[in-house]
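First residue of the sequence shown: 1, per UniProt numbering; consecutive thereafter.
Notes to accompany the following structure.
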Amino acid sequence: MKEAQMTIPHLFRCPISLDLFSDPVTLSTGQTYDRSSIEKWFAFGNLTCPVTMQKLHDPSLVPNHNLRHLIEQWRQMGHHFHPEYSTTIDPSLYLKRNLESPHSTLQDKLQTLEKIRVLMDKTPSKTPFLLQIGFLPLLSQLLFGKLDPQFSGKYADFEEKLLSCILKLIPFGEFQCLNMLKEASKLESFLVLFENGSGMMKQNLCRLVGAISSSPETRELCAMIGRNHRFLQGIDHLIQQNFETSEAGIEAISALCCLESNRESLVREGLINGLITYILNTETKERSSSGTAMRTLEELVGSERSGKEALIKDPRGVKAVVKMVFRVSDHGGSESALNSLIMVCYESLEAREKAIGAGVLTQLLLLLQSQCSCRIKSKARTLLKLLRSKWDEEQ
Numbered sequence: 001m002k003e004a005q006m007t008i009p010h011l012f013r014c015p016i017s018l019d020l021f022s023d024p025v026t027l028s029t030g031q032t033y034d035r036s037s038i039e040k041w042f043a044f045g046n047l048t049c050p051v052t053m054q055k056l057h058d059p060s061l062v063p064n065h066n067l068r069h070l071i072e073q074w075r076q077m078g079h080h081f082h083p084e085y086s087t088t089i090d091p092s093l094y095l096k097r098n099l100e101s102p103h104s105t106l107q108d109k110l111q112t113l114e115k116i117r118v119l120m121d122k123t124p125s126k127t128p129f130l131l132q133i134g135f136l137p138l139l140s141q142l143l144f145g146k147l148d149p150q151f152s153g154k155y156a157d158f159e160e161k162l163l164s165c166i167l168k169l170i171p172f173g174e175f176q177c178l179n180m181l182k183e184a185s186k187l188e189s190f191l192v193l194f195e196n197g198s199g200m201m202k203q204n205l206c207r208l209v210g211a212i213s214s215s216p217e218t219r220e221l222c223a224m225i226g227r228n229h230r231f232l233q234g235i236d237h238l239i240q241q242n243f244e245t246s247e248a249g250i251e252a253i254s255a256l257c258c259l260e261s262n263r264e265s266l267v268r269e270g271l272i273n274g275l276i277t278y279i280l281n282t283e284t285k286e287r288s289s290s291g292t293a294m295r296t297l298e299e300l301v302g303s304e305r306s307g308k309e310a311l312i313k314d315p316r317g318v319k320a321v322v323k324m325v326f327r328v329s330d331h332g333g334s335e336s337a338l339n340s341l342i343m344v345c346y347e348s349l350e351a352r353e354k355a356i357g358a359g360v361l362t363q364l365l366l367l368l369q370s371q372c373s374c375r376i377k378s379k380a381r382t383l384l385k386l387l388r389s390k391w392d393e394e395q
C-alpha cells in the first residue's frame with residue numbers, strides 16, 4: 001500500500017489531503033480538490049482557494065469528470081504503472097503542471113504556452129478537456145496576477161501569449177473565472193497591461209472586454225469596466241490612433257453599451273468625440289468599423305440628453321453623421337445616421353442648420369434614389385419632412 005501511495009501521480013492527489021482523489025471537484029480558480037476536503041475547508045469559515053489563496057466570489061464546486069476518468073484508467077493498470085502516467089494519458093496535464101510549477105523558468109512557460117496554442121489549433125477537440133482541467137482560470141490568474149514591473153522582453157511576450165490562449169478558450173468555457181478582475185489588484189493589472197502593452201495586447205484586451213460584456217455571468221464586471229476612468233480614457237486614445245488598433249477599441253465601446261449605466265459613463269468621459277473622430281478618419285476606407293461606430297453613437301445619443309448635446313457641441317459632430325447617411329456599402333450605418341439626425345434635429349435649430357450646411361439634403365436625395373431598403377427610405381423621407389416643417393415654422 002505504501003509503495004502504491006508513493007507512486008500516485010502528482011496530479012491525482014488532492015492538494016489538501018495529499019491522498020488520491022475520490023470525488024474531484026474544481027473551483028472557479030481552476031484548482032481541483034477532493035469534495036470532502038474542500039467542503040471541510042469551507043465549513044471552517046474559509047472563503048478562499050487553498051492553493052492560490054484567492055478570494056472566491058463564486059464558491060460553487062464543478063465535478064471534474066475528465067480527471068475522474070483518468071484516475072479510473074490509471075487504477076485499471078493495478079501496480080504496473082509509471083509514476084507520471086497521467087502525463088502520458090494526456091500531454092495537456094503535463095503542460096498544466098509546467099505552468100503551475102514555481103520551478104518552471106519563464107522560458108519553460110513560454111514554450112509551454114506555444115505548445116498549448118499549437119494543441120488548440122491542430123486538435124480543436126482537445127479544447128473542452130483543457131477547460132475541464134482548469135486551464136482558463138489558471139491562465140487568467142497568471143495573466144492578471146503580480147506583474148513584472150519592467151514589463152518588457154520575454155515577459156511581455158509571455159503576457160501576450162497568455163491572453164491569446166485565453167481568447168481561444170473563452171468561446172468554449174464559462175466566464176465566471178474572469179470575475180477575478182473585480183478584485184482591485186487584478187483590475188489594476190488589467191489596466192497596467194492595457195496602458196503599457198503593445199498594440200496587439202491592447203486589441204486583445206478590447207476583445208476580452210467584448211467577451212465579458214456578452215455574458216450574464218460577468219455583468220457586474222462589465223459595469224465596473226464601463227465606469228473605469230482610466231480604461232475609458234485609454235479606449236478614447238486608442239480609437240483616435242492608427243486604424244488597426246482603433247477597430248478593436250470601437251468594438252469594445254459597442255460591447256460596453258449593453259448596459260445603460262455604461263452609456264452614461266461613455267458620454268461623460270467624452271467617447272462621443274472619439275467616435276466622431278473615428279468616423280471621419282475612416283471615411284475613405286472601404287473596410288472599417290464605421291458602421292459599428294455609427295450604431296454606437298446612435299445608442300449614446302438616444303439614451304442620454306447629454307449625448308445629443310455632445311454631438312451638437314462638437315464642431316465636426318453633425319457633419320460626421322451626415323457623411324454616414326449615404327453609405328453604399330453599409331446601409332445599417334445609414335439607418336443609424338438617419339435615426340441620430342432625426343433625434344437631434346427635432347429639438348435643435350443649431351443641429352438643423354449644421355446638417356443642412358453639411359449637405360444632408362443631397363445625401364438624402366442620393367439615398368432615396370439608391371437600392372436601400374424601404375425602411376431606410378421611409379426614415380429619409382421622415383428627416384426631409386422634419387427639416388422642411390421646422391424650416392416653415394421658423395419663417
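Built from N, CA and C at the ideal position, the CB exists for glycine as well.
It should be emphasised that the depicted structure is a prediction, and the values quoted were computed from it without experimental measurement.
Residue i classed as buried or exposed, judged by whether at least 16 other C-beta atoms fall within 10 angstroms
i           : result
residue 327 : buried
residue 128 : exposed
residue 260 : exposed
residue 58  : exposed
residue 118 : exposed
residue 137 : buried
residue 53  : exposed
residue 210 : buried
residue 305 : exposed
residue 88  : Only weak support is given to the placement of residue 88: the predicted model assigns it a pLDDT of 47, under 50, and the question is left unresolved by the model.
residue 353 : exposed
residue 226 : buried
residue 388 : exposed
residue 43  : exposed
residue 105 : exposed
residue 310 : buried
residue 184 : exposed
residue 80  : Bear in mind that the predicted position of residue 80 carries a pLDDT of just 49, short of 50, making it too unreliable to give a figure here.
residue 375 : exposed
residue 247 : buried
residue 194 : buried
residue 190 : buried
Distance between residue j and residue i (C-alpha atoms, nearest Å)
i           : j           : result
residue 187 : residue 221 : 10 Å
residue 322 : residue 350 : 14 Å
residue 385 : residue 370 : 19 Å
residue 120 : residue 101 : 22 Å
residue 8   : residue 20  : 7 Å
residue 276 : residue 294 : 8 Å
residue 66  : residue 144 : 27 Å
residue 255 : residue 347 : 29 Å
residue 234 : residue 109 : 30 Å
residue 135 : residue 273 : 40 Å
residue 292 : residue 333 : 7 Å
residue 298 : residue 257 : 11 Å
residue 241 : residue 281 : 10 Å
residue 244 : residue 303 : 29 Å
residue 15  : residue 37  : 9 Å
residue 140 : residue 177 : 8 Å
residue 202 : residue 372 : 36 Å
residue 217 : residue 342 : 36 Å
residue 340 : residue 360 : 13 Å
residue 99  : residue 47  : 25 Å
residue 13  : residue 192 : 36 Å
residue 314 : residue 231 : 22 Å
residue 169 : residue 252 : 19 Å
residue 237 : residue 379 : 33 Å
residue 122 : residue 76  : 30 Å
residue 23  : residue 30  : 16 Å
residue 214 : residue 153 : 33 Å
residue 97  : residue 344 : 58 Å
residue 131 : residue 279 : 39 Å
Range of the contiguous alpha helix (DSSP H) that encloses residue i
i           : result
residue 325 : Neither: residue 325 is in no alpha helix (DSSP H) and is coded neither H nor E.
residue 216 : From DSSP, residue 216 is part of no alpha helix (DSSP H); its letter is neither H nor E.
residue 125 : Taken as a continuous stretch (DSSP letters only), residue 125 belongs to no alpha helix (DSSP H), as it is neither H nor E.
residue 314 : No alpha helix (DSSP H) holds residue 314; DSSP gives it neither H nor E.
residue 228 : Neither: residue 228 is in no alpha helix (DSSP H) and is coded neither H nor E.
residue 294 : 290-303
residue 265 : 260-268
residue 358 : Careful: residue 358 lies outside any alpha helix (DSSP H) and carries neither H nor E.
residue 277 : 271-281
residue 98  : 91-100
residue 178 : From DSSP, residue 178 is part of no alpha helix (DSSP H); its letter is neither H nor E.
residue 189 : 184-196
For residue j and residue i, believed in contact at Cβ under 8 Å, the rounded distance
i           : j           : result
residue 325 : residue 367 : 6 Å
residue 92  : residue 40  : So it is not a contact: roughly 29 Å between Cβ atoms.
residue 17  : residue 34  : 6 Å
residue 399 : residue 49  : Residue 399 cannot be examined here, being either before or after the span of the chain that is shown, 1 to 395.
Query raised in the report: Which residue spans inside the UniProt domain "U-box" (7-81) form an unbroken alpha helix (DSSP H) run of at least 4?
Result: 35-43 and 65-76
Requested in this report: Would you mind listing the alpha helix (DSSP H) stretches within the segment 140-171 that are 4+ residues and don't spill past its ends, in chain order?
Outcome: Segments of the alpha helix (DSSP H) lying fully in the segment 140-171: 153-169.
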